[in-house]
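Q:
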Amino acid sequence: MTKEQLNVIVGLLAGTQTAVVTLADYLSKSGVLSKSDLAQHFSATVTGLPEEMNNRALIAMVLRQISDGLNAVQDQTAEDQIRKLLH
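Residue numbering for the sequence shown follows our numbering, starting at 34 and increasing by one per position.
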């Protein structure tokens, strides 16, 4: 895999994580869900992943990062949320 291909994959992953966090923020502000409850759900999902699952460690990492992103963006603008999630 080339560095350029890796950068594309990293960008797609970061974009997906950002989309989930900003969607949850929007739904939270609309009164549809609680970001903290959703963050807890993602964290709990990590512990329930089967040990034999392909790419388990990577999937767990992504779920934890999304959970952390949801917890970190409680009362920030979308731009601040994205910046914090990606750094």
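No residue lacks a Cβ here, since even glycine has one placed at the ideal position from N, Cα and C.
1) Using CA coordinates, which residue listed in N40, T80, T49, L82 is at the minimum distance from G102?
2) Hey, V106 and D70: beta-carbon distance below 9 Å or not?
3) Run the CB neighbour count on V65, radius 10 Å, all protein chains shown included, and call it buried at 16 or more, exposed below.
4) Which same chain residues end up closer than 8 Å to S76 when comparing Cβ atoms and leaving out the 5 residues on each side of it in sequence?
A: Straight from the coordinates:
1) T49
2) no
3) exposed
4) L96, R97, S100
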